[in-house]
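Protein chains in written order, with the working numbering: chain D, 1 to 339; chain L, 1001 to 1339.
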DNA sequence: GATTTTAATTAAACAGATTCAACAACCGGA
DNA sequence: TCCGGTTGTTGAATCTGTTTAATTAAAATC
């Protein structure tokens, strides 16, 4: 592989200066058309590779954007990522992706790496317990941050997420409307703002319908299929015999339905189940899952857009952007069977 | 945010040269212990951020490794990625992730970006139709490549994947052993080496059992749940009435089972279904899916290891590494019911 | 006390692009 | 012929660390 081809290689081979070559390759109007064409042709034939780190050292713009979420394997985040990806791609930004698995330390490492690489910005779904200081670290060093799906208190950073309390209330009301009175809430934690909002939405909806809230009906747990699957045992052995379940998300709901089916009951008929997020998978689950659309694609798209705008110099004054969830009614819920 | 803190800021504040500071921060034995401690302390208190692009400009080692697969949302790749991530993480490498969605062009763009950023290496599951030249582009410019899950002909690049023909034969033989004679093969394409290998494995197993191969029993299609779900219609309306299906992967199998259930039949009893990959999800599907373990975690781990070793200077002579698949028998397959 | 070793520090070149003030060449007009 | 105005090109500084040969200071040896 001979010597590395750089600007000066091209410049020398054509008897020009590196300044001209640099300008020509970036389509500067300062360079004569004929010169530009010759330079570009030469660059191609020499197999020139643009050295971005040299350039960004000078310009302090790297074209790199960091994205960090709890777990990219989780379809909920994956759908957000997909939207972010397509928006960033359109704008020729490279993105560096990472999971933090809710480790604040791993997340901080990621931010530091990004700072070292001279990232232009970061989009994150913050780890549980993220201190405002970690976001300040980024912002203070010229790395603007945008949050998705979760909030952090103590610092004003643009945040895009669904209106959780409202969304869970939609699901709960739907079940109440079908005649259910003993409704469990499955999965998730109460340690995040999301968790508290969702529980609150559930509680408020029950109260409004004059149904007593029984904390035993709350079964926290992992937000995964496995979590829902395992929760089925607890769920089915409760004294109060719930006839319906509001699940933290679609994964938990699908897992729970599998668990219910494994126990010989028919989900959607014997037990009504609602999900949350409206993943692609919800529509093809058996039975098709009644769930709440949570606008992942919207969230991702808007977050990416917001970051790009910020980098372009625009200055938004609003911080919290709540997407209004919508009900998607399918076959996993049905009217309460009078006994 | 005041002025940016750089090596010279620290150097001046302590009355030292940047050379000393640079050496001290990297724990060079050339610097006196007491000096090193003072420098590190000062760096911390000034909030110094190491500028990797400046450094890598000089050292031509960026600590960046690229990973590109068909689709990170697909659990099969996600499981490989998880393993790659943990291996690279342990070795403090940053990785840049991308989907190529089987677009050779998108994949080439990714390689170019990585070259521009001075990436140290790339792990890829090549897009369908990847020309050897694209891999040569990487290798020739000092970007060693490692392939996972798929092969590319015409160039010798270390490749880690499962033994597809063998694995599908396992599944097919399992069904034959249960008495099935009319066995369909659902999903996937014949345009990849993987596709051809898998079809071959299926055909060979049938031939060995003296079962006639009927090409109408081959239903190619998307390698997704949706794909399997939609294939159910075709599958159930076939003239030959297959009693079992070998699916391209677990996703297709789960989709197919959902489709079968939707049509009122019981997957695992009326129709036997095998998956492929043994995703985490396979065990909790309803019915639990009989499938073929394909060693995603192994593949990912080994690939990352191979790249790290290569970067460390070791020289392996073997290129193709095939992982031997294993059968995982669960409830989605049962003996053929004599009519 | 003079000389040799060893240890600690540094000056300066370097990596590869960007940028801007300065300069050259050429134009038409006076 | 001289001049102001364009258009095109370039020299040199700059961005921030790394590295090596050279220098200085201190310690060891005779």
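Every residue, glycine too, gets a C-beta built ideally from N, C-alpha and C.
- Secondary structure of residue 1159/L (DSSP, three-state): strand.
- Judged by their CB atoms, residue 181/D and residue 211/D are nearer to each other than the 7 Å cut-off.
- When the alpha-carbon of residue 105/D is set against those of 40/D, 120/D, 134/D and 125/D, the nearest one is in 134/D.
- A direct Cα-Cα distance of roughly 24 Å separates residue 312/D from residue 296/D.
- Minimum Cα-Cα distance from residue 131/D among the listed residues 154/D, 142/D and 122/D corresponds to 154/D.
- For residue 1073/L, the secondary structure class from DSSP, reduced to helix, strand or coil, is coil.
- Between residue 1246/L and residue 1171/L, the C-beta spacing is below 7 Å.
- For secondary structure counted as the beta strand (DSSP E) over 3 or more consecutive residues, the stretch 229 to 265 of chain D holds these complete runs in sequence order: 244 to 247.
- Comparing C-alpha distances from residue 223/D to each of 101/D, 173/D, 168/D and 189/D shows the shortest one belongs to 189/D.
- Closest option to residue 1060/L, judged by alpha-carbon separation, among 1115/L, 1279/L, 1165/L and 1013/L: 1115/L.
- The beta carbon of residue 73/D falls within 7 Å of a beta carbon belonging to chain L, placing the residue at that interface.
- A contact is defined here as three or more CB-CB pairs under 8 Å, and the stretch 1327 to 1335 of chain L fails this definition with respect to the stretch 1095 to 1103 of chain L.
- In summary, residue 243/D is buried, with 16 or more beta-carbon neighbours lying within 10 Å of its beta-carbon over all protein chains present.
- The residues 164 and 168, in chain order, have a CB closer than 6 Å to that of residue 198/D in the same chain once the five nearest residues on each side in sequence are set aside.
- According to DSSP, residue 1095/L shares a beta bridge with 1065/L.
- For residue 1328/L, the enclosing beta strand (DSSP E) has its first and last residue at 1326 to 1328.
- Contact residues of the stretch 1138 to 1156 of chain L toward chain D are 1140, 1141 and 1142 (C-beta to C-beta distance below 8 Å).
- Scanning chain D for C-beta atoms nearer than 9 Å to the C-beta of residue 1101/L yields nothing, as the closest lies near 10 Å away.
- Residue 31/D counts as buried, since at least 16 other C-beta atoms from the protein chains shown sit within 10 angstroms of its C-beta.
- 7 Å or more divides the Cβ of residue 1186/L from the Cβ of residue 1149/L.
- Using a Cβ distance threshold of 7 Å, residue 1102/L and residue 1127/L count as a contacting pair.
- Excluding the 5 residues flanking it on each side, residue 1263/L has same chain C-beta neighbours closer than 7 Å at 1232 and 1236, in chain order.
- Around residue 1121/L, the same chain offers 1065, 1066, 1143, 1144, 1145, 1146, 1307, 1310 and 1311 as residues with beta carbons nearer than 8 Å, after the five sequence neighbours per side are excluded.
- In its chain, beyond the 5 residues on either side, 165, 168 and 169 have a beta carbon closer than 6 Å to the beta carbon of residue 201/D.
- Only buried fits residue 1085/L, as 16 or more other CB atoms lie within 10 angstroms of its CB.
- Between the beta-carbon of residue 1063/L and that of residue 1052/L there is about 7 Å, and that keeps the pair under the 8 Å contact cut.
- If you look at residue 121/D, you'll find it in the beta strand (DSSP E) that goes 121 to 124.
- Comparing alpha-carbon positions, the option among 1280/L, 1275/L, 1284/L and 1058/L lying closest to residue 1174/L turns out to be 1275/L.
- DSSP places residue 102/D in the coil class of the three-state scheme, outside both helix and strand.
- For residue 1151/L, same chain residues with a beta-carbon under 6 Å away, outside a window of 5 residues either side, are 1159 and 1193 in chain order.
- DSSP places residue 18/D inside the alpha helix (DSSP H), whose first and last residues are 18 to 25.
- Close to chain D, meaning a Cβ-Cβ distance shorter than 7 Å, are the following residues of the stretch 1244 to 1263 of chain L: 1255, 1258, 1261 and 1262.
- Residue contact check for residue 225/D against chain L: a CB pair falls below 7 Å.
- Under the Cβ criterion of 7 Å, residue 194/D is not counted among the residues facing chain L.
- It is roughly 18 Å from the alpha-carbon of residue 1299/L to the alpha-carbon of residue 1291/L.
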